[in-house]
Every structure is written in C-alpha cells, then in structure tokens.
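Read the structure below first, then the notes.
Numbering (our numbering), first residue to last: 11 to 736.
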C-alpha cells in the first residue's frame with residue numbers, strides 16, 4: 011500500500027473531535043495545570059504544554075520554566091537593592107532591552123546577576139507578567155541561539171554561567187539574529203554570563219553587555235531584614251562592633267548577595283549577646299579552624315583525625331565515629347594499633363571535649379552553639395590539604411561498607427555533594443564515576459553512594475549544569491559498566507524535573523547498552539518517565555523521533571518497545587491506551603509507534619507483545635475500541651504488502667477477525683469518499699485504480715469470532731474481487 015494512501019486512511023479514521031480544539035489561554039506563572047500556548051487538554055503538543063510550571067517543547071533541546079512569581083515579586087519590591095554605583099550601566103541595560111529586546115549581564119558567579127536580570131525584565135511590566143527561564147541542553151552540540159524558542163510577549167532569562175556552556179563568536183552573531191526575532195514578537199531576553207565564558211563575544215556584543223557591580227553587603231542585610239519585618243534595632247546593630255568590622259570585610263571582598271541574606275537570617279533570630287557567634291559563623295569559624303587545624307602542632311594527628319571524623323559524621327553514634335576515626339587513620343597511613351591500646355588514652359568525653367564536641371544520648375556532636383562548624387572543617391580539609399583528597403574519598407567509600415557506619419550513607423552523600431557545590435572539583439566527579447562502574451559485588455554500596463550524591467547534584471541550582479554535562483559525557487562515551495546506575499539516575503528527581511535533559515542521556519545509554527542488566531535498567535527508566543502523567547506525550551514523541559533518524563533508529567525502536575510492552579510489572583501500556591481513549595494526539599503517537607515497530611522492529615518480540623495485548627484486550631484490561639484504532643494503520647499497511655506478517659499471525663483468532671474486518675471497512679470507505687475529491691494532488695482515476703485493486707469486498711455480514719486464518723488473509727490480498735462471509 012502506498013504511503014500516501016496509508017496517510018489518507020489514517021486521516022479518515024483519526025480526525026480529532028471538535029471538542030479537542032481549545033482557545034489558547036493567557037499565560038499564568040505557577041499555574042500547574044494551565045498551558046502557556048495551547049491548554050492542558052490541547053492536542054497541539056508540537057507547540058508546548060505547561061507541565062507543573064514547565065513548558066516542554068517536544069522535539070526541542072530547550073526547556074522553559076516559569077520563574078516562581080513569589081521570587082519575582084520580592085525582587086520587584088524591598089528585597090532588591092539597586093545598583094547605585096553603576097546606575098549608568100543599569101540604564102544602558104534598560105535601553106538595550108527597549109530598543110533591541112536583549113541585554114547581557116556579565117559578572118562572576120554569586121554577584122546577584124539573576125536578581126538584576128529579573129528586575130530588568132519586570133521593571134516596566136504589570137505585576138503579574140510571567141518571567142520564563144530557558145534551560146537549553148547543549149551537551150550534544152555547539153551552543154546556538156538558533157535552538158531557542160521565540161514565544162510572543164514573553165520575558166525570558168538565559169543563564170550561561172555553567173562550565174558546560176561554551177560559546178564562540180558565532181554565538182554572538184546568532185544571538186543578535188535571535189534578539190531581532192524576539193523584538194518583532196514583543197519579547198525580551200536577558201542573558202547572564204561570566205567573564206571567562208563571554209570572552210569570545212565581548213567585543214561583538216559590547217553595545218548590549220553591562221557589568222553591574224555587586225551591592226554593599228550592609229544594604230542587602232538591611233533590605234532583607236525590612237522584608238522579613240525585623241525590628242529596627244537589628245539594623246542599628248550593623249553600625250556596632252563586631253558587626254561593623256564584618257560589614258567592612260564583606261564590602262572589601264565584594265561578598266555575594268547570598269552572604270548578606272544568610273547574615274540577615276541569622277540576625278533575625280539572634281540576641282545582642284550572640285553577635286560574636288554570628289560573626290564567627292559568617293567568617294566560617296576561622297579562629298576555631300586555626301586553633302584546631304590550621305597551625306603546626308606536633309602530636310596532634312590523632313586529635314585532628316577525630317575532629318575531621320566528627321565533622322563528617324556529625325551527630326552519629328559515638329561507636330560509629332570511633333570506628334570511622336580508626337579507619338581514617340589507616341587510610342592516611344597510620345599504623346594499625348590493637349584495640350586495647352585505646353585504654354591507654356583518655357576517655358571519649360575528654361577526647362571530644364578537646365575538639366569542642368559533646369556526647370549526648372550516645373551520639374557525638376560538634377559544639378551545637380556553632381552552626382556550620384562541621385561544613386567549615388570539611389571545606390578546610392579539601393581546600394588546604396589537597397594531598398589528602400584521594401585518601402579522604404577512599405575513606406568515605408570505606409565508611410559505606412563498614413557495618414558500623416553504613417547507616418550514615420545519606421550524610422556521606424551530602425558531604426560529597428557539598429564539596430562539589432563549593433569547589434566544583436573534577437576529582438570528585440571522577441571518583442563517583444569509578445564507583446558507578448562497581449555495581450556488582452562488594453562495590454554495590456559505593457555505587458549507591460555515588461548515585462545518591464549525583465541525584466542531589468543533578469537538580470542543584472549551582473552545580474546542576476556541571477553535573478548534567480558530566481553525565482552526558484559518561485552516557486555518550488563512558489564505561490558501559492556504568493549504564494545501569496546512570497539510567498536509574500534518569501528515573502528519579504532528575505528525570506521528572508528535567509525530562510528533556512534526562513531523555514537526551516537515556517538515548518545514548520540505550521544505544522550503548524551491551525548487556526541485559528543495562529538494557530533492563532534503561533527500559534525501566536523510560537517507563538518511569540512515561541509513567542508520569544504529564545510526561546507520557548513527551549517520552550512517546552521522543553522515542554518516535556529517534557526511530558525516524560538513521561543513526562538512532564535502533565535506539566528509538568528499543569524505547570518504543572519499552573513503552574508498549576505490556577508484560578513487565580512496571581508496564582505503562584495500559585496508561586498509554588487509557589490516554590489514547592480521550593487524547594487524539596496520543597492516539598496518533600501510538601498508532602505511529604505500532605506502525606513503526608511492525609515495519610522495522612524485531613518481529614518475534616512484536617509478536618509476543620501483540621499476543622499479550624490481544625489477551626488484555628479480550629479480558630477488558632485494555633480498551634478494545636481504542637486498541638483497534640491504534641492498530642488500524644498497521645493492519646491496513648500489512649494486509650496488502652505482508653499478509654503473513656508476525657504481527658497479524660500473533661493475534662488471537664477473535665482479535666484478528668475484528669481487526670481485518672475493521673481494516674477492510676476503512677479501506678472501502680476510503681474508496682467511496684475518494685470518488686468526490688482529488689487526493690494529495692493525484693488524479694482520482696489513479697488513486698481509485700490503486701484502491702479498487704486493494705479491496706472490493708462485502709463487509710455487511712456480522713463479525714464471526716471463530717477467526718480468520720492466515721490462509722484467508724492470503725486470499726483477501728490475492729483475490730480483490732473475493733467476498734469475505736461469515
């Protein structure tokens with residue numbers, strides 16, 4: 011059967027009902043069930059649908075999410091501190107937005123560019139104007155604004171501060187073209203960049219680029235206290251010691267706005283007599299670190315090993331900390347001493363008192379009056395003892411295997427994630443990937459530790475882009491031994507929050523899965539994402555998209571099989587059919603999926619899945635009429651060209667009878683309707699000749715559930731004038 015005729019038959023059978031056509035509503039940020047362009051129930055998935063404030067553009071590498079309206083309102087009001095020292099730069103940015111629809115804010119990470127960007131985008135718009143953040147996934151190719159959407163009447167923010175974002179001078183030229191499109195559509199874009207990333211474009215984009223200096227920390231603290239309704243006395247404390255000295259320090263080193271907010275939060279719950287502790291906490295306990303760790307003290311190695319252990323396992327059982335400290339000593343090359351030697355040293359209470367820790371309820375804590383001291387110690391160790399990086403990471407892995415400390419795996423994962431956020435260290439990523447490859451045997455706990463840490467990092471605001479870039483490289487060219495754990499990471503918060511990015515990694519994992527365990531893990535991840543109500547259209551469409559591309563056809567076919575296979579315990583086939591009952595777009599997607607698989611897939615496997623669908627259909631566990639509509643295109647294509655196809659032969663007699671009669675009925679209707687109108691630019695005579703050769707049968711007889719055999723199918727195909735009776 012010709013491809014054109016197949017398309018024509020499908021269009022006759024699957025016309026969307028009029029009720030599915032909806033009017034596009036006005037965008038509303040934070041409204042989880044609305045659509046930005048086409049409505050929740052719209053069939054126009056090619057444009058974009060808002061999924062829990064995320065617009066997923068099918069077929070695109072760019073996600074869009076609405077910035078929380080609460081954050082926008084705060085920045086529009088008292089929490090925002092204007093750039094008094096660079097007011098001319100702010101005015102330049104405003105003018106650039108007005109005349110070109112584009113402004114670029116260049117500064118280092120943590121300088122407050124995001125707040126400046128949101129302020130710029132909302133300064134002259136109504137209070138309820140939504141601001142959307144673009145989230146491009148450029149790991150698979152060169153970054154290019156050509157991939158970015160240009161929706162009408164929107165305010166857009168694009169952050170290019172992650173290490174994964176690499177731009178060229180051509181990026182600047184493309185960005186100018188993109189800004190002209192935005193301007194024509196009544197939209198505006200602010201791009202935030204770092205000096206390192208923006209170097210190739212700085213000269214070209216000089217007219218659009220501004221550098222807003224960070225605001226004085228005291229102003230940030232004042233604004234945040236006022237926003238939270240704090241007493242005026244708190245603000246007066248800023249002009250008294252010890253806060254006055256701290257303010258001067260923060261101003262001299264251009265402290266980030268986030269530091270100012272953290273200080274304000276501490277002050278809101280503090281007493282005047284606590285100001286000394288607050289200042290020490292803001293300085294990350296420099297004096298304590300110096301006294302305990304950062305000075306030369308002969309014979310203090312055991313004491314410092316214990317301090318580091320307590321910091322890492324802060325609040326753990328005292329016995330676990332004792333065991334862990336001995337393990338750290340061995341990791342650092344300390345001679346293994348017999349356990350009885352501990353009786354020659356001071357008791358536990360005395361030992362921990364020396365490091366400013368306490369024991370309570372059989373647990374050991376660092377001084378509870380010094381919040382953040384544990385993280386300050388861990389950061390000092392990584393920053394000032396680089397030769398201990400690998401022994402430290404190896405020790406953390408040992409703790410996950412030890413019965414005494416494995417209960418604290420989540421704390422250990424948070425330690426790794428915290429160090430990665432602060433120092434963005436390649437060493438930690440490399441070590442975690444080496445653990446991911448040890449999924450079997452004794453290495454399973456290390457693999458789980460790496461998964462837990464990466465799960466936190468992949469959706470982290472500061473380190474997420476870096477972690478996602480690393481994961482792409484691992485999926486694309488890393489060891490195949492890590493495929494299963496990487497797939498599991500896609501089937502978690504990372505996948506639900508950033509489905510486009512997760513699917514891009516799953517595509518490469520599917521293509522490189524070289525053993526059953528890896529293939530099963532990838533299939534489970536695909537089904538997990540498809541199990542989310544709002545993501546099923548995206549996952550199905552992406553799988554079909556892959557199957558149409560020559561280089562990734564096998565990957566797409568495997569993903570489609572994962573979706574339609576009704577045999578696994580976590581199958582989503584029933585959910586897909588249920589969606590297709592009321593959603594024309596899903597019906598079309600599933601119809602194309604089956605047509606693709608019956609044409610290009612593993613026919614033996616498709617036959618097994620078909621048999622199972624038939625059983626579920628006849629038991630009423632899959633909606634029969636919907637299954638018939640899904641299969642109609644596949645049956646119509648096969649009857650003429652592959653009458654002995656495994657897909658048809660695998661059906662039960664009852665289902666085969668009903669599907670063949672339905673297909674014949676459709677083809678006859680196509681012939682009758684084609685009499686009155688030309689089809690696809692061809693003459694009626696040519697098309698009708700082809701159609702009349704396909705089928706001239708009687709279809710008025712009642713359906714006989716006794717079945718139609720494959721030999722009868724041959725007769726239907728070979729005898730165009732034959733009649734199918736009961």
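Every residue, glycine too, gets a C-beta built ideally from N, C-alpha and C.
Legend entry - residue 629 - partner residues in DSSP beta bridges: Position 619 of the chain shown, counted from the start, is the residue given in the question as residue 629. By DSSP's assignment, residue 629 forms no beta bridge with any residue.
Legend entry - Sub-8 Å separation of residue 673 and residue 649 beta-carbons: Position 663 of the chain shown holds residue 673. Position 639 of the chain shown holds residue 649. Yes, the pair counts as a contact, with Cβ atoms nearer than the cut-off.
Legend entry - Whether residue 4 touches residue 484 by CB criterion (8 Å): The displayed coordinates of the chain run from 11 to 736. Any statement about residue 4 would go beyond what the structure contains.
Legend entry - Minimum length 4: unbroken alpha helix (DSSP H) runs contained in the stretch 356–436: Counting whole runs of 4 or more residues, the stretch 356–436 contains the alpha helix (DSSP H) stretches 358–364, 383–394, 399–411, 419–433.
Inset, instruction - Locate the beta strand (DSSP E) running through residue 322, then write down its first and last residues. - result: Position 312 of the chain shown holds residue 322. For residue 322, no beta strand (DSSP E) segment is defined; the enclosing uninterrupted segment is the alpha helix (DSSP H) at 311–322.
Inset, instruction - Figure out for me which residue from 292, 127, 243 has the closest Cα to the Cα of residue 282. - result: To locate residue 282, count along the chain shown from 1; it is residue 272. For the residues 292, 127, 243, the minimum Cα distance to residue 282 belongs to 243.
Legend entry - First through last residue of the alpha helix (DSSP H) which encompasses residue 592: Residue numbering aside, residue 592 sits at position 582 when the chain shown is read from its first letter. Its alpha helix (DSSP H) spans residues 583–592.
Inset, instruction - Starting from the Cα of residue 640, find the closest Cα among 538, 663, 591 and give me that residue. - result: Here residue 640 corresponds to residue number 630 of the chain shown, with the count starting at 1. Checking every option, the nearest Cα to that of residue 640 belongs to 591.
Inset, instruction - Consult DSSP for residue 741 and reduce its assignment to one of helix, strand or coil. - result: Because the chain here runs from 11 to 736, residue 741 falls outside it and cannot be looked at.
Legend entry - Reduced DSSP secondary structure (H/G/I, E/B, other) of residue 220: As a first step, residue 220 must be located in the chain shown, where it is residue number 210. Three-state result, residue 220: strand.
Legend entry - Coil, strand or helix - residue 115 by DSSP: As a working mapping, residue 115 is identified with position 105 in the chain shown. The answer is strand: DSSP assigns residue 115 an E or B state.
Inset, instruction - Look at residue 513 and residue 540 and say whether their C-beta atoms are less than 8 Å apart. - result: Reading the chain shown from its first residue, position 503 is the one you call residue 513. Reading the chain shown from its first residue, position 530 is the one you call residue 540. The answer is no: Cβ separation not under 8 Å.
Legend entry - Boundaries (first-last residue) of the beta strand (DSSP E) holding residue 199: Counting from one through the chain shown, the residue named residue 199 turns up at place 189. Per DSSP, residue 199 belongs to the beta strand (DSSP E) from 198–203.
Legend entry - Span separating the alpha-carbon of residue 213 from that of residue 182: Taking the chain shown and counting its residues from 1, one reaches residue 213 at position 203. Taking the chain shown and counting its residues from 1, one reaches residue 182 at position 172. Approximately 10 Å, taken between the alpha carbons.
Inset, instruction - Return the first residue and the last residue of the alpha helix (DSSP H) that residue 257 is part of. - result: Stepping through the chain shown from its first residue, residue 257 is reached at position 247. Counting along the chain, the alpha helix (DSSP H) containing residue 257 begins and ends at 253–262.
Legend entry - Residue span of the alpha helix (DSSP H) that contains residue 552, given as start and end: Within the chain shown, the letter at position 542 stands for residue 552. Here the alpha helix (DSSP H) through residue 552 covers 546–558.
Legend entry - Beta-carbon separation (whole angstroms), residue 589 vs residue 546, contact threshold 8 Å: As a first step, residue 589 must be located in the chain shown, where it is residue number 579. As a first step, residue 546 must be located in the chain shown, where it is residue number 536. About 6 Å; that satisfies the 8 Å criterion.
Inset, instruction - If I'm right that residue 419 touches residue 468 with Cβ under 8 Å, what's the distance once you round it to whole angstroms? - result: Along the chain shown, read from residue 1 onward, the residue named residue 419 stands at position 409. Along the chain shown, read from residue 1 onward, the residue named residue 468 stands at position 458. Taking the Cβ atoms as the reference, residue 419 lies roughly 18 Å from residue 468, outside the contact range of under 8 Å.
Inset, instruction - Would you check if the stretch 221–235 and the stretch 151–165 touch, i.e. whether three or more CB-CB distances between them fall below 8 Å? - result: Output reads no: the stretch 221–235 does not touch the stretch 151–165.
Legend entry - Distance between residue 464 and residue 406 (C-alpha atoms, nearest Å): Residue mapping note: residue 406 aligns to position 396 of the chain shown, counting from 1. Residue mapping note: residue 464 aligns to position 454 of the chain shown, counting from 1. Near 15 Å, if we compare the C-alpha coordinates of residue 464 and residue 406.
Legend entry - DSSP state of residue 291 mapped onto helix, strand, coil: Your numbering for residue 291 matches position 281 in the chain shown. Here residue 291 sits in helix by DSSP.
Inset, instruction - Counting only the same chain and skipping the five closest in sequence on each side, list residues whose C-beta sits under 7 Å from that of residue 569. - result: Reading the chain shown from its first residue, position 559 is the one you call residue 569. Leaving aside the five residues that flank residue 569 on each side, the residues in its chain whose CB is nearer than 7 Å to its CB run, in chain order, 520, 536, 553, 556.
Inset, instruction - Can you check DSSP and say which residues form a bridge with residue 194? - result: The residue you call residue 194 lines up with position 184 of the chain shown. According to DSSP, which records beta bridges pairwise, residue 194 is partnered with nothing at all.
Legend entry - Sequence-distant residues of the same chain with beta carbon closer than 8 Å to residue 317, five excluded per side: Mapped onto the chain shown, residue 317 falls at position 307. For residue 317, where only same-chain residues beyond five positions count, the Cβ hits under 8 Å are 302, 303, 365, 367, 387.
Inset, instruction - Indicate whether residue 114 and residue 203 have their beta-carbon atoms separated by less than 8 Å. - result: Translated into positions along the chain shown, residue 114 becomes position 104. Translated into positions along the chain shown, residue 203 becomes position 193. Cβ distance < 8 Å, so residue 114 and residue 203 count as in contact.
Legend entry - Supposed close pair residue 607, residue 567 - CB separation, criterion 8 Å: Walking along the chain shown from the start, residue 607 turns up at place 597. Walking along the chain shown from the start, residue 567 turns up at place 557. Separation of the CB atoms of residue 607 and residue 567 is rounded to 7 Å, and the pair is thereby assigned contact status at 8 Å.
Legend entry - Helix, strand or coil at residue 327 according to DSSP, with G and I counted as helix: Walking along the chain shown from the start, residue 327 turns up at place 317. If DSSP states are grouped into helix, strand and coil, residue 327 belongs with the strands.
Inset, instruction - Excluding the 5 residues preceding and the 5 following residue 516 in the sequence, name in chain order all residues of the same chain whose CB lies nearer than 7 Å to its CB. - result: Walking along the chain shown from the start, residue 516 turns up at place 506. For residue 516, the CB contacts under 7 Å within the same chain, skipping 5 residues up- and downstream, are 497, 500, 532, 535, 536 in chain order.
Legend entry - Counted within 10 angstroms of its Cβ, other Cβ atoms place residue 577 as buried (16 or more) or exposed: To locate residue 577, count along the chain shown from 1; it is residue 567. Burial is judged here by how many other beta carbons sit within 10 angstroms of a residue's own beta carbon; residue 577 has fewer than 16 and is exposed.
Inset, instruction - Report yes or no: do three or more beta-carbon pairs, one from the stretch 397–417 and one from the stretch 356–365, lie closer than 8 Å? - result: Counting C-beta pairs with one atom in each stretch, the stretch 397–417 and the stretch 356–365 have fewer than three that are closer than 8 Å, which means they do not touch.
Inset, instruction - Can you grab the Cα-Cα spacing for the pair residue 633 / residue 625, in whole Å? - result: Along the chain shown, one-based indexing puts residue 633 at 623. Along the chain shown, one-based indexing puts residue 625 at 615. Within the model, the alpha-carbon separation for residue 633 versus residue 625 is close to 11 Å.
Inset, instruction - Measure the CB-CB distance between residue 307 and residue 412 and report whether it falls below 8 Å. - result: Residue numbering aside, residue 307 sits at position 297 when the chain shown is read from its first letter. Residue numbering aside, residue 412 sits at position 402 when the chain shown is read from its first letter. Judged by beta-carbon spacing, residue 412 lies beyond the 8 Å limit of residue 307, meaning their Cβ atoms are not closer than that value.
Legend entry - DSSP three-state assignment for residue 540, whether helix, strand or coil: Counting from 1 along the chain shown, the entry for residue 540 is found at position 530. In the structure shown, residue 540 sits in a helix (DSSP, three-state: H, G or I).
Inset, instruction - Enumerate in chain order the residues of its own chain whose CB-to-CB distance from residue 611 is below 6 Å, with the five nearest sequence positions on each side excluded. - result: Against the chain shown, residue 611 aligns to sequence position 601. 567, listed in sequence order.
Inset, instruction - Can you have a look at residue 101 and say buried or exposed, based on whether 16 or more other CB atoms are within 10 angstroms of its CB? - result: Taking the first residue of the chain shown as 1, we reach residue 101 at position 91. Classification of residue 101: exposed, given that the 10 Å Cβ count is below 16.
Inset, instruction - Kindly indicate which three-state DSSP category residue 637 falls into: helix, strand or coil? - result: One-based indexing of the chain shown puts residue 637 at position 627. DSSP places residue 637 within a helical segment (H, G or I) once states are collapsed to three.
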